[in-house]
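2 protein chains.
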Amino acid sequence: MRGNVDWRVSATLVGTVLKWLSVPLVFPLLIAVYYGESLFPFLVTIAVSILVGEALVRAGHEGRLGPREAFLMVAVTWFAVPLVGAIPFVLAGTGSIAHPVNALFESMSGVTTTGATVLLEFETHSRSIMMWRQVSQWLGGLGILVLATAILSQIGVGGAQLMESETQTRDVNKLTPRIAQTARLLGGLYIGLTLALVALLYGLHLVGLAPNMDLYNAVAHPLTTVSTAGFSPEADSIMAFSPAAQWAITLFMIIGATNFVLIYFALQGDWRRLLDSEEFRFYVALLALLSGLTAVLLVFDGTYPGGTEATARHAVFNTVSMMTTTGYANVDFDLWEAGAKHVMFVCMFIGGMAGSTTCSIKTLRWLVVLKGFRRDLFTSIHPEAIRPVRLSGGVIDEETIRDIYAFTLVNLLLFAAATVFVVVDGARVGLALSEFDAMGAAAATFLNIGPAFGIAGPFGTYEAFPVTTKLVMIVLMWIGRIEVIPVLVLFTRVFWTS
Amino acid sequence: MRGNVDWRVSATLVGTVLKWLSVPLVFPLLIAVYYGESLFPFLVTIAVSILVGEALVRAGHEGRLGPREAFLMVAVTWFAVPLVGAIPFVLAGTGSIAHPVNALFESMSGVTTTGATVLLEFETHSRSIMMWRQVSQWLGGLGILVLATAILSQIGVGGAQLMESETQTRDVNKLTPRIAQTARLLGGLYIGLTLALVALLYGLHLVGLAPNMDLYNAVAHPLTTVSTAGFSPEADSIMAFSPAAQWAITLFMIIGATNFVLIYFALQGDWRRLLDSEEFRFYVALLALLSGLTAVLLVFDGTYPGGTEATARHAVFNTVSMMTTTGYANVDFDLWEAGAKHVMFVCMFIGGMAGSTTCSIKTLRWLVVLKGFRRDLFTSIHPEAIRPVRLSGGVIDEETIRDIYAFTLVNLLLFAAATVFVVVDGARVGLALSEFDAMGAAAATFLNIGPAFGIAGPFGTYEAFPVTTKLVMIVLMWIGRIEVIPVLVLFTRVFWTS
Ligand SMILES: [K+]
Ligand SMILES: [K+]
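The listed protein sequences derive, respectively, from chains A and B. When the count follows my numbering, it moves up by one through the first sequence with no breaks and lands on 556 for the last residue. When the count follows my numbering, it moves up by one through the second sequence with no breaks and lands on 556 for the last residue.
Shown next as structure tokens:
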């Protein structure tokens, strides 16, 4: 055991991230310049991010980044960035998001790629403010990609170490060259995929297949698609666009929730790694199965607007959107019957592949849980037998399986606790939430999905929740996005003393 | 690995249990004689249980009882006994329980100590039929006590092996002398506790403190109290009786959900074993904490009927009833506000101590889950450290912790699946169940609690659910009571072939 946590090492890293935050803030600033909107909110925010970032860097020092320093850095970064990111909403001073709690909610929802909104009015906001929402999600997706592949996988949170087959080490610091390399590589891929969707959507617009998808929208939506994040400057979300645009976005939601390392190898020509991945096959099978189930239920229920293509599109789009934790909608699925609505609800807990921008439990963990259950049944029949759990040819060590069980359990228990809070706090102020709607809102924030049901439905708003609930949801989005453990450890005595 | 499962060994044991079932059936028969009611339903059932039991014994043979034979025996016994036990309800031909599905539901609810009823009319049934419901629960409690302490603990289902500290072996057969000894010992204790409550309740009646608690009721209720089962011949459940009777029943629900081995030692004068048990302290602390919370919420909500004693009694009684999985009610807690109702809901998932008649997850598992989580947080900070999880001085092996995580997770997932089925199947027939009521009914059957909320509330009935839902609930009660695994393994190929 070493000495106390070296918070100065974490402070330096948080400060560095905050300083870098000033760069993407230039993008909405340029939009503001182009449309002749106020530059003030962004100039102030850029100044704050540089000044606070520099102060933190000076307060800190360089040093060995152990697990505790990494946890602290992750927890603080994912709170500090949304805090700074909320400044433009407050300073722009327009509508519901000008209230500090709402601004922080919207910003946290952005940076955590959640996509839950407290907007009441979409039209009254400037183009630059609406674009900042989109950019914050794109940044959040990039951040999580680096976090998941380079940091969380190394300190082994909730079985995340499984994601890569390379020899594991728990000393993050030794990996610095690799972190930088991985980050550059995946960051480049992320930018490339975003640009590809921009080109595709704007191309569809130019050939007349996506009339409303002008350049602003063709830039705004890819920022929140590849990041499986779900904000849209349109009040009608993706319903505002043509079927062709919807199918294009469906494809990129699926890609955004695929392991980026495997995408990278596939683009290098090594498709086998992707196709041989048991997790990828499980992920695709679940998407197909649940989309099909939704389609059958829609037909069965008579929820059949506009014929076969529209039904298929509604079923596939919303299933993909909810399972990949994006949270776009091309129809108000809150109006569907109980069966189809419950499929959407179940999708929220699945998530996409590990090593992607997706949130929630993720298909890797569910696959290990199912394989673990099957093995446990086998050993209860043959107690003397030793049968390891295998994944894509390799053996998963028992500690990892236990970690994944624990992670899944912690998530379900926190979700349950969050639901009770949401429903009881709502009842306190006379907001008679149904249990289903409360469960949906709790899952949609904690698992970073975005929309759910009822007032928090796909075309609804979180504005009506009491301030206390919104504050709790801010915490839920925060801890959910960084996979809970980095925050939970901060509440143990041993974190600070041993 | 040995050859195929030796189902004949299981058949002999199931047959023996069925033959023994004829003995307790004599009790309602005597009640029928006393009150001059029809003997026919019980005579037929006695004949069936002897004939079918004998046929099974003859079809089977004696032999080594391995894990598979034990699983098969447990799964079949807990289905065959309710099946035979349903015969009197059908043959008596009165009211809703005369329908075969309802009769099986009521009988399964009895034998599994669930306490969910499909009765619409309490008054129209004979005294003997109503007593058979009570007796079936008492038998179910006895059966589970033997199962939990002598069988499940040996084949290590979901960490049940933790319950006793003795050296574990997984060959059940070697333990036959000990099974018989344990069963006799705990059976004697169970009978003794039941008789003690009979004496206490009838004593209260004789001194005028429990006017309605006549001899019939003073016998009927202890049968379903010590077994934490919850049927009552009174439509008003325990609300029909005086505060003194209610407090007496509260005490015996707490005792019924306490580890019987520890009670045995305490009665031998060895109180330290009970008081030193970390699980016992956790169990008592949770009961106190949640009772207190309920009381505070009732006061806060203004749900304060009859002053301080009544509020305390309502809070304590219903919290104890739900947490010990008994399912009695002394007030319609379905009418409480959201906060207090959710405390009841949470209680359902906790359960009492392992090694008692309680159902649900049980405090032992939750304690290990919490200790496991704390340890996992520690090791994510100090990955190099090895820190075992300790319980009452001993070390819990890692496989057991993993089993308990898996068991808890399986239970929560099956509960979620059951909820979706209940709500969607209800919607299919136009029964607009709220998600909360559907969750309550799913948990109340799967976790063998009995009453829940809405139409399945403490003074409600399960009669209104569609037949399909009732059939699924029959399966839920069955698999929930025997801790799921003995049924799940039957669906693996390896169970039948390897
Ligand atoms: K999202
Ligand atoms: K019960």
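We treat Cβ as the ideally placed atom computed from N, Cα and C, and that holds for glycine. Computed from a predicted model, the values in this text were never measured in an experiment.
When Cβ atoms are compared, which residues of the stretch 112-129 of chain A fall closer than 7 Å to chain B?
-> Pro125 and Arg126
Bridge partners - A/Leu449, DSSP secondary structure assignment = The sequence position of residue 449 of chain A within the first sequence is 391, counting from 1. The partner list for A/Leu449 (beta bridge, DSSP) reads A/Gly452.
Listed by chain order, which residues have C-beta atoms less than 7 Å from any heavy atom of ligand 1?
-> A/Thr171, A/Thr172, A/Gly173, A/Thr286, A/Ala287, A/Gly288, A/Thr383, A/Thr384, A/Gly385, A/Cys417, A/Asn506, A/Ile507 and A/Gly508
Rounded C-beta distance between B/Val72 and B/Val134? I'm assuming under 8 Å.
-> Position 14 of the second sequence, counted from the first residue, corresponds to residue 72 of chain B. Position 76 of the second sequence, counted from the first residue, corresponds to residue 134 of chain B. At roughly 5 Å, the Cβ-Cβ gap stays under 8 Å, so B/Val72 and B/Val134 are in contact.
Quick one, which of A/Thr369, A/Ala156, A/Thr416 and A/His400 has its alpha-carbon nearest A/Tyr341's?
-> As a position in the first sequence, residue 341 of chain A is number 283, starting the count at 1. Distances from the CA of A/Tyr341 to each of A/Thr369, A/Ala156, A/Thr416 and A/His400 were compared; the closest alpha carbon is that of A/Thr416.
Quick one, which of A/Thr458, A/Val106 and A/Phe129 has its alpha-carbon nearest A/Thr550's?
-> Taking the first sequence and counting its residues from 1, one reaches residue 550 of chain A at position 492. Ranked by how close their Cα comes to the Cα of A/Thr550, the residues A/Thr458, A/Val106 and A/Phe129 have A/Phe129 in first place.
Residue range of the alpha helix (DSSP H) that includes B/Ile444 | Here residue 444 of chain B refers to the residue found at position 386 when the second sequence is read from its first residue. For B/Ile444, there is no enclosing alpha helix (DSSP H), since its DSSP letter is neither H nor E.
Range of the contiguous alpha helix (DSSP H) that encloses B/Val110 = Within the second sequence, numbered from 1, the residue matching residue 110 of chain B stands at position 52. Looking at the DSSP string, the run of the alpha helix (DSSP H) that includes B/Val110 is Phe98 to Ala117.
Inter-residue CB distance, B/Ile507 and B/Asp495 (contact presumed, cutoff 8 Å) = Looking up residue 507 of chain B in the second sequence gives position 449. Looking up residue 495 of chain B in the second sequence gives position 437. Not quite, the Cβ-Cβ distance comes to about 14 Å (not below 8 Å), so this is no contact.
Rounded C-alpha distance that separates B/Leu491 from B/Leu345 = To locate residue 491 of chain B, count along the second sequence from 1; it is residue 433. To locate residue 345 of chain B, count along the second sequence from 1; it is residue 287. Cα-Cα distance, rounded: 30 Å.
Tell whether a beta-carbon distance below 8 Å holds between A/Leu259 and A/Val284.
-> Taking the first sequence and counting its residues from 1, the one referred to as residue 259 of chain A is at position 201. Taking the first sequence and counting its residues from 1, the one referred to as residue 284 of chain A is at position 226. Going by C-beta atoms, A/Leu259 is not nearer than 8 Å to A/Val284.
Same chain, Cβ closer than 7 Å to A/Thr466, neighbours up to 5 away in sequence not counted = Along the first sequence, one-based indexing puts residue 466 of chain A at 408. For A/Thr466, where only same-chain residues beyond five positions count, the Cβ hits under 7 Å are Ile419, Arg423 and Val427.
Contact list for B/Ala396 against chain E, beta-carbon separation under 7 Å = Here chain E cannot be found, since the structure's protein chains are A and B.
Can you tell me the Cα-Cα spacing of A/Leu79 and A/Val204, whole angstroms?
-> Start at 1 with the first residue of the first sequence, and residue 79 of chain A comes out as number 21. Start at 1 with the first residue of the first sequence, and residue 204 of chain A comes out as number 146. Rounded to whole angstroms, A/Leu79 to A/Val204 spans 15 Å at the Cα level.
Output yes or no for whether 8 Å exceeds the beta carbon distance between A/Pro158 and A/Val148.
-> Residue numbering aside, residue 158 of chain A sits at position 100 when the first sequence is read from its first letter. Residue numbering aside, residue 148 of chain A sits at position 90 when the first sequence is read from its first letter. Closer than 8 Å, so yes.
Between the C-alpha atoms of B/Ser154 and B/Lys528, what's the straight-line distance to the nearest angstrom?
-> Position 96 of the second sequence, counted from the start, is the residue given in the question as residue 154 of chain B. Position 470 of the second sequence, counted from the start, is the residue given in the question as residue 528 of chain B. Their backbone Cα atoms lie some 13 Å apart in a straight line.
So, B/Ala315 versus B/Ser450, is the Cβ gap smaller than 8 Å?
-> Mapped onto the second sequence, residue 315 of chain B falls at position 257. Mapped onto the second sequence, residue 450 of chain B falls at position 392. No, Cβ-Cβ distance for B/Ala315 and B/Ser450 is not below 8 Å.
Measure the Cβ-Cβ separation of A/Thr352 and A/Ala368 and say whether it is below 8 Å.
-> If you number the first sequence from 1, residue 352 of chain A lands on position 294. If you number the first sequence from 1, residue 368 of chain A lands on position 310. No. Outside cutoff.
Along chain B, which residues have their Cβ under 9 Å away from the Cβ of A/Val427?
-> Position 369 of the first sequence, counted from the start, is the residue given in the question as residue 427 of chain A. Ala464, Leu467 and Leu471, listed in chain order.
Rounded straight-line distance, which links the Cα of A/Gly94 to that of A/Leu267 | Reading the first sequence from its first residue, position 209 is the one you call residue 267 of chain A. Reading the first sequence from its first residue, position 36 is the one you call residue 94 of chain A. A/Leu267 and A/Gly94: Cα-Cα distance of roughly 30 Å.
How is B/Gly266 classed by DSSP in three states: helix, strand or coil?
-> As a first step, residue 266 of chain B must be located in the second sequence, where it is residue number 208. In this structure, B/Gly266 counts as coil in the three-state DSSP scheme.
Limits of the alpha helix (DSSP H) - the one that B/Cys405 falls within = The sequence position of residue 405 of chain B within the second sequence is 347, counting from 1. Note, B/Cys405: alpha helix (DSSP H), Ala396 to Ile408.
How big is the Cα-Cα spacing for B/Gly198 and A/Ala502?
-> If you number the second sequence from 1, residue 198 of chain B lands on position 140. If you number the first sequence from 1, residue 502 of chain A lands on position 444. Their Cα atoms are separated by approximately 42 Å.
Please state whether DSSP places B/Trp78 in a helix, a strand or coil.
-> As a working note, residue 78 of chain B is residue 20 in the second sequence. Of the three classes helix, strand and coil, the one that applies to B/Trp78 here is helix, per DSSP.
Which listed residue (B/Phe517, B/Thr384 and B/Phe553) has its alpha carbon closest to that of B/Val176 = For the purposes of this step, residue 176 of chain B is taken as residue 118 along the second sequence, with counting starting at 1. Closest by alpha carbon: B/Phe517.
At which residue ranges does the stretch 482-554 of chain A contain complete alpha helix (DSSP H) runs of 4 or more residues, listed in the order of the chain?
-> Taking only runs of at least 4 residues, the alpha helix (DSSP H) segments lying wholly in the stretch 482-554 of chain A are 493-504, 525-539 and 543-546.
Considering only C-alpha positions, which residue in the set B/Asp434, B/Asn270, B/Val319 and B/Pro99 is nearest to B/Ser295?
-> On the second sequence, residue 295 of chain B is found 237 positions in, with the first residue counted as 1. It is B/Asn270.
Answer with yes or no whether the minimum CB distance from B/Met380 to chain A is below 8 Å.
-> On the second sequence, residue 380 of chain B is found 322 positions in, with the first residue counted as 1. It does not: the Cβ of B/Met380 has no partner Cβ on chain A nearer than 8 Å.
Below 6 Å CB to CB, which residues in the same chain sit around A/Trp190 once its five sequence neighbours on both sides are set aside?
-> As a working note, residue 190 of chain A is residue 132 in the first sequence. The residues are Pro86 and Pro146.
Could you tell me which of A/Ile532, A/Ala303 and A/Thr182 sits nearest to A/Leu262, measuring between CA atoms?
-> In the first sequence, the residue the question calls residue 262 of chain A occupies position 204. Checked all of A/Ile532, A/Ala303 and A/Thr182; the closest Cα to A/Leu262 is A/Ala303.
Are any of the Cβ atoms in chain B nearer than 8 Å to that of A/Gly552?
-> Taking the first sequence and counting its residues from 1, the one referred to as residue 552 of chain A is at position 494. A small correction: the amino acid at residue 552 of chain A is Val; Gly does not occupy that position in the sequence shown. By this cut-off, A/Val552 is an interface position.
Applying the criterion that 16 or more other CB atoms from any shown protein chain within 10 Å of the CB defines a buried residue, is A/Val265 buried or exposed?
-> For the purposes of this step, residue 265 of chain A is identified with residue 207 of the first sequence, where counting begins at 1. By the 10 Å Cβ count, A/Val265 comes out exposed.
Which residues in the same chain as A/Ala276 place their Cβ atom closer than 7 Å to its Cβ, once the five residues preceding and following it in sequence are excluded?
-> Numbered from 1 along the first sequence, position 218 holds the residue referred to as residue 276 of chain A. So the list reads Val256, Leu259, Tyr260 and His263, once near-sequence residues are dropped.
Would you mind sorting B/Gly515 into buried or exposed? The rule is 16 or more other CB atoms within 10 Å of its CB.
-> By one-based count along the second sequence, residue 515 of chain B stands at place 457. So B/Gly515 ends up on the buried side.
Separation of B/Leu281 from A/Leu356, as counted between CA atoms = For the purposes of this step, residue 356 of chain A is taken as the residue at position 298 of the first sequence. For the purposes of this step, residue 281 of chain B is taken as the residue at position 223 of the second sequence. When rounded, the distance between both Cα atoms is 49 Å.
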